[in-house]
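Q: Dumping the structure here so I can ask a few things about it.
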Amino acid sequence: MLKLIKSLSAAALLSVVAISGAHAAGAAIEYKSVDWSHEGPFGTYDRAAAQRGLQVYREVCAGCHSLEQVSFRTLADLGFTEDEIKAIAAEGTYMDGPNDEGDMFERAGKPFDKFPSPFANEKAARASNGGAFPPDLSLIVKARPGFENYLYSLLTGYEDAPEDHKLPAGMAYNAYFAGHNIAMPAPLAEDGVEYADGTKASVDQMAKDVTVFLAWAAEPKLEERKNMGLKVILFLLLLGGIFYAAKRKVWSDLH
């Protein structure tokens, strides 16, 4: 029963894609603002937060959402050891084959596998979620600029409905959801997970951590891209300086 509740509540996270268009029709909502460490030209991922976010994803979100574009071996970029990655991958089962007899068979996951989908197909996913199809979260943070703040706000925006707000049966109130009526209950609850590093698992902390993890999942090479961009800029500045010095030398000889 607990697993079912987590699976259903985690589906609230899927609504972020559908909501993007819905906001355009209503009044603008100012989201909470977080100073994410990976923002800016010199920003880097908070790997401790991303590791905790992976735990939140696996224990809360993975019951409904897939990460089909992310392979287990890329977790090495977050500081996981080879043995840890093998252990995480081995928790899933995958169909493989055919074997020498021509039969398909199940095997434990391996580092080269990608995160498994919680459902066999789209119809199974919809049947388990009241007709809604939980989106893959691999690129969810790239849905639009500033999506981290929106996702964090949504996850921490569940409140008691104001007295003058009519809340339909079966709906929850969320301050950052278009119309404020959201069908899924809050996916995060105080101490909903027990962090391996001992960090207090508050709703605020879990929301930040899973957002950082999903930001990394969407763009794991962000830091490499920034480093390359910085090197290119420095190279162009140096090259420009050389050309400028050469130009002055040439024109000084002519005068």
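Letter by letter, the sequence shown follows residues -24 to -1, 1 to 231 of mature numbering (1 follows the signal peptide of the UniProt record, and there is no 0).
Glycine included, each C-beta is placed from N, C-alpha and C at the ideal position.
Measuring only the C-alpha atoms, how far is K184 from A25?
A: Those two C-alpha atoms are separated by around 8 angstroms.
Q: With DSSP as the reference, identify every bridge partner of residue 232, one or two as the case may be.
A: Residue 232 lies beyond the range of the chain shown here (-24 to 231); nothing can be said about it.
Q: Got a sec? Which residues, its chain only, sit under 7 angstroms from R23 by beta carbon, not counting five neighbours each side?
A: Around R23: L54, G55.
Q: Which whole-angstrom value is the C-beta distance of D173 and R28, which I expect to be below 8 angstroms?
A: Indeed they touch by this definition, with Cβ atoms about 7 angstroms apart.
Q: Label A(-1) either buried or exposed according to how many other C-beta atoms from any shown protein chain fall within 10 Å of its C-beta, with 16 as the threshold for buried.
A: Confidence at A(-1) is low in this model, with a pLDDT of 41, below 50, so its placement is unreliable and the value that follows should be read with caution. Looking at its Cβ environment, which holds fewer than 16 other Cβ atoms inside 10 Å, A(-1) is exposed.
Q: If S47 and D89 are in contact, beta carbons under 8 angstroms, what's the gap, nearest whole angstrom?
A: Confirmed, about 7 angstroms.
Q: Grab me the residues of P196's own chain with a C-beta within less than 7 angstroms of its C-beta, minus the 5 sequence neighbours each way, in chain order.
A: Same-chain partners within the cutoff: T50, D53.
Q: Starting from the C-beta of A(-3), find all residues in its chain whose C-beta is less than 6 angstroms away, skip the five residues before and the five after it, and write them out in chain order.
A: Its pLDDT being 44, under 50, A(-3) is placed unreliably in this model, and the value from its coordinates should be taken loosely. These residues qualify, in order along the chain: A154.
Q: Assuming the contact rule is C-beta atoms closer than 8 angstroms, A66 and A84 should be a hit. Round their C-beta distance to whole Å, please.
A: Contact flag correct, Cβ pair sits at about 4 angstroms.
Q: Mapping DSSP to helix, strand and coil, what is M148?
A: The residue asked about is misnamed: residue 148 is Ala in this sequence, not Met. Note: A148 maps to strand in three-state DSSP.
Q: How about V36 and G168: do their beta carbons lie closer than 8 angstroms?
A: Contact flag set, yes.
Q: Considering Cα atoms alone, identify which of M147, P163, L164 is closest to N157.
A: Of M147, P163, L164, the residue nearest in Cα terms is M147.
Q: What number of angstroms, rounded off, separates the C-alpha of L115 from the C-alpha of F91?
A: Between L115 and F91, the C-alpha separation is close to 13 angstroms.
Q: Check this for me: beta carbons of A193 and E124, under 8 angstroms apart or not?
A: For A193 and E124, no; Cβs fall outside 8 angstroms.
Q: From the DSSP output, which residues share a beta bridge with N157?
A: Answer is Y149, bridged to N157.
Q: The alpha helix (DSSP H) with R12 in it runs from where to where?
A: Arg is not the amino acid found at residue 12; the sequence shown has Trp there. Here W12 belongs to no alpha helix (DSSP H), and DSSP marks it neither H nor E.
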